[in-house]
Amino acid sequence: ITISGDLSWNTHVGNVCNSAYRKLCFMRRSLRGTNSDIWTNVYKTLVRPTLKYAPIIWDPRAQTQIDKVERIQRLAARFIFSKYDRHESVSALLREAQLSSLASRRRIARLKFFYLLYFKYLHIDTQTYIRSPGRRSRRLNNELSVDPFMPNIDIFKYTFLVKNN
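Using the numbering used here, read the sequence shown as starting at 10 and increasing by one per residue.
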């Protein structure tokens with residue numbers, strides 16, 4: 010994980026995408042002529058872990074960063090099926106390869122981590138960040154309700170705690 014001085018994830022997203030792209034190019038050279046099932050398995054084994062490593066920490070919020078990461082997976086779908094025509098639907102290729110979007114995978118990882126925090130599986134003191142609502146309404150709340158966390162500073166606004174509330 011690359012942390013820049015301005016606490017922006019642009020450098021990290023660039024590094025992750027470059028690393029994943031190099032791995033894709035290696036796969037393209039090495040797996041020429043193999044079927045799509047092998048391509049998909051190798052992609053899921055070598056490239057996708059690079060794109061989804063520690064998503065709770067660096068989950069991109071800017072649409073340009075999200076698009077840059079998703080672009081790698083879309084390129085991989087083209088490589089998997091060897092369909093490079095610009096009129097070919099990449100969304101259909103992704104569905105055929107059964108590759109869910111990386112944004113949805115990051116969302117699932119955030120929710121899973123929140124679940125582990127909420128039910129204290131991680132043994133981390135969460136009193137500061139995860140609070141029960143001050144008043145309970147039987148109509149609006151249940152016993153698992155969480156009071157939304159409202160950060161004051163811009164840097165903290167985009168952490169997974171705020172995204173999950």
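Ideal Cβ positions, reconstructed from N, Cα and C, are used throughout, including at glycine.
- Put simply, of I47, L55, W18 and I75 the residue whose alpha carbon is nearest the alpha carbon of S113 is I75.
- For R70, the secondary structure class from DSSP, reduced to helix, strand or coil, is coil.
- In this structure T49 is in contact with I89, their Cβ atoms being roughly 6 Å apart against a cut-off of 8 Å.
- Taking a contact to require three or more Cβ pairs closer than 8 Å, the region 122-137 and the region 95-108 do not qualify as touching.
- Going by beta carbons, R115 and V99 fall outside the 8 Å limit.
- Annotated three-state conformation of R83 is helix, per DSSP.
- Between the beta-carbon of A85 and that of Y62 there is about 16 Å, and that puts the pair past the 8 Å contact cut.
- Straight across, the Cα-Cα distance linking V25 with P64 is about 12 Å.
- Partner residues in a beta bridge of R95, as assigned by DSSP, do not exist.
- In the three-state scheme derived from DSSP, where H, G and I count as helix and E and B as strand, R116 is classed as helix.
- In this structure, the straight-line span from the alpha carbon of P69 to that of D46 is close to 30 Å.
- For V25, the uninterrupted alpha helix (DSSP H) run begins and ends at N19 to S39, by DSSP.
- V51: member of the alpha helix (DSSP H) spanning S45 to V51, first to last residue.
- By the Cβ-count criterion, K121 is exposed, with fewer than 16 other Cβ atoms from all chains shown falling within 10 Å of its own Cβ.
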